[in-house]
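>
Residue numbers (my numbering): 845 to 1191.
1. With C-beta atoms as the reference, is residue 900 less than 7 Å away from residue 874?
2. Who are the near neighbours of residue 997 in its chain, counting only those whose CB is closer than 6 Å to its CB and skipping five residues on each side?
3. Could you give the residue range of the alpha helix (DSSP H) that holds residue 988?
4. So what does DSSP say about residue 874, is it helix, strand or coil?
5. To the nearest angstrom, how far is it from the Cα of residue 1069 to the Cα of residue 1026?
6. If you check the beta carbons only, do residue 969 and residue 1106 fall under 7 Å apart?
7. Can you tell me the Cβ-Cβ gap for residue 1045 and residue 977, rounded? I've got them flagged as a contact below 8 Å.
8. State the Cα-Cα distance for the pair residue 985 and residue 974, rounded to the nearest angstrom.
9. So does the region 997 to 1012 actually touch the region 1023 to 1041, counting three or more Cβ pairs closer than 8 Å?
10. Assuming residue 1114 and residue 876 are in contact, meaning their beta carbons sit under 8 Å apart, how far apart are those beta carbons, in whole angstroms?
11. In whole angstroms, what separates the C-alpha of residue 1136 from that of residue 1126?
12. Can you give me the C-alpha to C-alpha distance between residue 1170 and residue 1032, rounded to a whole angstrom?
13. Does DSSP put residue 1157 in a helix, a strand or coil?
14. Tell me which same chain residues have a C-beta within less than 8 Å of the C-beta of residue 1184, skipping the five on either side of it?
15. Under a Cβ-count criterion, where at least 16 other Cβ atoms within 10 Å of its own Cβ denotes burial, should residue 851 be classed as buried or exposed?
16. From the DSSP output, in three-state form, read off residue 982 for me.
17. Do residue 915 and residue 1133 have their C-beta atoms within less than 7 Å of each other?
18. Roughly how many angstroms separate the alpha carbons of residue 903 and residue 879, rounded to a whole number?
19. So for residue 1061, helix, strand or coil by DSSP?
20. Since residue 977 sits in a beta bridge, which residues does DSSP pair it with?
21. Rounded to whole angstroms, what's the CA-CA distance from residue 1071 to residue 938? Just pull it up for me.
22. If you run the structure through DSSP and keep just helix, strand and coil, what is residue 869?
23. Three-state secondary structure (DSSP) at residue 1106?
24. By Cβ distance, which residues of its chain are closer than 7 Å to residue 1087, with the 5 residues on each side in sequence left out?
25. Using a 10 Å radius around the Cβ and a threshold of 16 neighbouring Cβ atoms, would you call residue 1096 buried or exposed?
26. Measuring CA to CA, which of 1020, 1048 and 987 is closest to residue 1004?
27. For residue 982 and residue 1161, what's the separation of their Cα atoms in angstroms?
28. What is the rounded straight-line gap between the Cα of residue 1109 and the Cα of residue 1011?
29. Looking at the structure shown, is residue 1137 part of a helix, part of a strand, or coil, going by DSSP?
30. Would DSSP call residue 811 helix, strand or coil?
31. Determine whether the beta carbon atoms of residue 1180 and residue 1034 lie at a separation below 7 Å.
32. Let me confirm a value: residue 1117 is counted as buried when at least 16 other C-beta atoms fall within 10 Å, else exposed. Which label applies?
33. Does the Cβ-Cβ distance between residue 988 and residue 1090 come in under 7 Å?
34. Sorted by chain position, which residues of the same chain lie with C-beta nearer than 6 Å to residue 942's C-beta, five sequence neighbours on each side aside?
35. My output table needs one value for residue 955: the three-state DSSP class, helix, strand or coil.
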């Protein structure tokens, strides 16, 4: 592992680093990745890429701050590729000036234009839905809407992570785009009043709370269901078995979706290897791994979803342009702050 990766991981407990060595004798080079994505989610992709190309993959993982880090590092940044979740972070990377155009026939052929930046600053690679996790024992209804989450009938029965987390900011941004700021604020206030507890933890922690009887429903991303169902920790499999997924607004405007994606770093020291990685992630093979092993929705329309994902139900994705979500994120964050969402119910 290169010094730039391992040393940083030791200094900052929020930053970890891994290296996927090439299994092919005679190194074909290396590629350095900054990733907001959890190690377990992208590891299958990195291993497959290294095996196919012989290129060594070095990854620095962090929950936040990587875009700012790349901007601060400037021309000295070792990063070749940024992997991230959420359209907001992808557009933020572009706005911070840390990208260079992705010029690739492979990408243009496999990934629909709606999931690519018009200037080539980023490319979407997979899609996930923000759904409702519902207790099998205590919730009998089979359909739900996002608006319903603000209904007083759910008072004391909803668990959610921080309203300022990028996943929930994106959801509220989509509500602003559809219904306007006033209705979005009333929705945020209503959901806050229905919370069973002060927002804390990640999406899986909310499902754990349902299992423990602290709440009846929670909002979370789809792929966490697969992560729990296939976990080597028995307790997480029990959490998953206690819930089922409801796709909000499935019969109306569609369920809120967001993407994961990649950025080619402006000062990438290994640009050729970086482009090979991006091409691989967009390829039919890469998209199959996103579908079958990461259990996300591939953006290549010719790649089917996994049997596991199919078993959860049919996704009717919201057709709202991702740019509309990105453009309303700042206002969404302000609303979450104004209603005191993270202070919890009664505050």
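The C-beta atom is built at its ideal place from N, Cα and C for all residues, glycine as well.
On the basis of the supplied data:
1. yes
2. none
3. Per DSSP, residue 988 belongs to no alpha helix (DSSP H) and is neither H nor E.
4. strand
5. 33 Å
6. yes
7. Not quite, the Cβ-Cβ distance comes to about 13 Å (not below 8 Å), so this is no contact.
8. 18 Å
9. yes
10. 7 Å
11. 15 Å
12. 18 Å
13. coil
14. 1036 and 1191
15. No answer about residue 851 holds up, because its pLDDT of 29 lies below 50 and its placement is not dependable.
16. coil
17. no
18. 7 Å
19. strand
20. 1062 and 1089
21. 30 Å
22. Model confidence at residue 869 stands at a pLDDT of 44, short of 50, so the residue's coordinates are unreliable; what they give is reported in the following sentence. DSSP places residue 869 in coil when its eight states are reduced to three.
23. strand
24. 977, 978, 979, 980, 1051 and 1054
25. exposed
26. 1048
27. 27 Å
28. 24 Å
29. coil
30. The structure shown does not extend to residue 811, since the chain is modelled only from 845 through 1191, so no value can be given for it.
31. no
32. buried
33. yes
34. 914, 915 and 1110
35. coil
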